[in-house]
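2 protein chains.
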Amino acid sequence: MAAFEPLTPERRRAMTRQHLLEAAAMVFARDGFQRSSLDEIAATAGFTKGAVYSNFKGKDDLFLAVLEERFERGQSAIRGALDTEMHTEAEWMPRIASAIRESMWDDNWTMLFLEFVLYTARNPDSRAKFATHVRRTLKWSEELISQEYEAAGTPPPFAPADLAIISMCMFDGLGVYRLVDPSFTSDRTLRAVLHFLSETIGFDEGATSS
Amino acid sequence: MAAFEPLTPERRRAMTRQHLLEAAAMVFARDGFQRSSLDEIAATAGFTKGAVYSNFKGKDDLFLAVLEERFERGQSAIRGALDTEMHTEAEWMPRIASAIRESMWDDNWTMLFLEFVLYTARNPDSRAKFATHVRRTLKWSEELISQEYEAAGTPPPFAPADLAIISMCMFDGLGVYRLVDPSFTSDRTLRAVLHFLSETIGFDEGATSS
DNA sequence: TAGGCAGCATACCGATGAGTATCTAGGATT
DNA sequence: AATCCTAGATACTCATCGGTATGCTGCCTA
């Protein structure tokens, strides 16, 4: 638990807030935003509704706080999983594959993500913020692709920005289909998708065509 | 209005049922499943809640009926838009592009689709049926791709089944991103995606490989 | 150590909405 | 024309839940 800090009142408060966020993420994903009750969220965290209203303005505020927190976390998780140098397909394939499975294809995350999408689609006020997060993720993906192109020394046959949105949509889309039936995302399919991407994009210099 | 049929009681009943389904699709997409009230759905259709319970077992049954109806409709819509022979990219590109926009990227449909996904993900009983629908769509897409390969006379570099799920996920994924910000799916991006697919899959016989 | 206050608990209110029970009217049947 | 019957309307119940107002308790300050 890190270097045992003396639990000041501020830290206690931060901890309850964190517990509430954690519980909220669970319950929202499991039951959906509307069906989730603040009582149950609080109880799951080991508190009561008072703790919620002491840390958040209301249900919507809590939901949006979960959104922020999860995006930050996801960002750093993927970043951490991918920032090591990987050159041959045999080298990066298993790493990327498990990163996708663990970070993007976690069912709880996918359901939360869809709840976010639907919520923000219906609440124009918060939609802009969500769009900003997505844009940041896309930008990061785009840069990653550009770097790979530079490393490979080949001219991009497609604009990195397009490839970024293409791959993100593909993985997110597969995550959604996975909710419908996990067998849609078998290992074989995932490897096919990754191979498809790498060959098309052209990272792998010695790729065998066909 | 077809050949003026004399409005038997059965036809009246079928019409109210249809109106209810239509209204339900609208309201469910706009407000979400949980937040939609049967009173408002009935009122939107020009009836009262009594009509709903006379035609459906309850809210869930209505929702699932909407699901069935929309999948049937979507299936035939896409099929109708694509079953004409198209060979050159300049020929099929605009047709496909507008078909995608109108059939798959209709915001109402996307939101309904996501509601379906989340609902069935939480209701294992109905998930199997939903998966069946999705599987049928995938199968249809797979056959379409296989036919194109046969017509082109080239051996598929990727399994048609994989390509089917890849393209479906990509378009659905883009539809989701479109909810977050329509500018993610500009004409330029859509054309890039279609070009990306066609070149990668290899339909276009004279495709320039990288 | 006495007071104050912040964090959370408890108790309550009001609105909402799914489901049900009952009623009614208008077409079908004889 | 008298009757029936069903689609749909109306009226009600009851549980749920977001929000608020208030109460309590333990840690900080003086």
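Quick mapping for you: the protein sequence lines, in order, are chains A and B.
Count along the first sequence from 1, add 27, and you get the number used in my numbering.
Count along the second sequence from 1, add 27, and you get the number used in my numbering.
C-beta atoms are modelled at their ideal positions from N, C-alpha and C, and glycine is treated no differently.
Between R97 (chain B) and G59 (chain A), the C-beta spacing is not below 9 Å.
Within the stretch 198-215 of chain A, those residues whose Cβ lies closer than 7 Å to any Cβ of chain B are, in chain order, D199, G200, L201, V203, Y204, L206, V207, D208, F211. The same chain holds no residue with a CB closer than 8 Å to that of G107 (chain B) once the five nearest residues on each side in sequence are set aside. Against I193 (chain B), the close residues of chain A are M197, V220, F223, in the order they occur along the chain (beta-carbon pairs closer than 7 Å).
Within chain A, no residue has its beta carbon less than 7 Å from that of T71 (chain B); the closest one is some 17 Å off.
Around T75 (chain A), the same chain offers A69 as residues with beta carbons nearer than 7 Å, after the five sequence neighbours per side are excluded. The stretch 139-158 of chain B and the stretch 175-183 of chain B do not touch, with fewer than 3 CB-CB distances between them shorter than 8 Å. Pairing A41 (chain B) with L224 (chain A), the inter-Cα distance amounts to about 48 Å.
Inter-residue distance for S64 (chain A) and A52 (chain B) is about 26 Å (C-alpha atoms, whole angstroms). D208 (chain A) has its alpha-carbon roughly 22 Å from the corresponding atom of R100 (chain B). R163 (chain A) has its alpha-carbon roughly 11 Å from the corresponding atom of E170 (chain A).
For the 9 Å CB-CB criterion, F143 (chain B) and I192 (chain A) do not form a contact.
When the beta-carbon positions are compared, R44 (chain A) and N82 (chain A) come within less than 9 Å of each other.
Between A78 (chain A) and L201 (chain A), the alpha-carbon positions lie close to 37 Å from each other. Between H46 (chain A) and E95 (chain A), the gap from beta carbon to beta carbon reaches 9 Å or more.
Counting only unbroken stretches of 4 or more residues, the alpha helix (DSSP H) elements lying wholly within the stretch 99-183 of chain B are 116-126, 134-149, 151-179, in sequence order. With its beta carbon less than 9 Å from one in chain B, T227 (chain A) belongs to the interface.
For the C-beta of V54 (chain A), not a single chain B residue is nearer than 9 Å; the gap to the nearest is close to 12 Å.
Secondary structure at F185 (chain A): coil, using DSSP grouped into helix, strand and coil. No Cβ-Cβ contact shorter than 9 Å links M131 (chain A) with H222 (chain A). For D152 (chain B), not one C-beta of chain A is nearer than 9 Å to its own C-beta.
Taking 9 Å as the CB threshold, Q61 (chain A) lines the interface with chain B.
One Cα belongs to C196 (chain A), the other to I127 (chain A), and the distance between them is close to 13 Å. Following the DSSP letters along the chain, one finds Q61 (chain B) in no alpha helix (DSSP H), marked with neither H nor E. Listed along chain A, the residues sitting closer than 9 Å to V161 (chain B) by beta-carbon distance are Y204, V207, D208, F211.
The criterion of a C-beta distance shorter than 9 Å is not satisfied by V54 (chain A) and L141 (chain A). Taking 8 Å as the upper bound for CB-CB distance, L48 (chain A) and A92 (chain A) are in contact here, some 6 Å apart. Of the residues assessed, D66 (chain A) falls on the exposed side of the cut-off, its CB having fewer than 16 other CB atoms within 10 angstroms. Judged by DSSP in its simplified three-state form, L217 (chain B) adopts helix. Interface annotation for the stretch 123-138 of chain A against chain B: D134, M138, criterion Cβ-Cβ distance under 8 Å. Among the CB atoms of chain A, none fall inside 9 Å of the CB of V79 (chain B). Taking a Cβ-Cβ threshold of 7 Å, none of the residues of chain B is close to F90 (chain A); the smallest such distance is about 13 Å. Around the Cβ of R205 (chain B), a 10 Å sphere holds 16 or more other Cβ atoms; the residue is buried. A direct Cα-to-Cα measurement between T227 (chain B) and S194 (chain B) gives close to 11 Å.
In the three-state reduction of the DSSP assignment, T43 (chain B) falls in the helix class.
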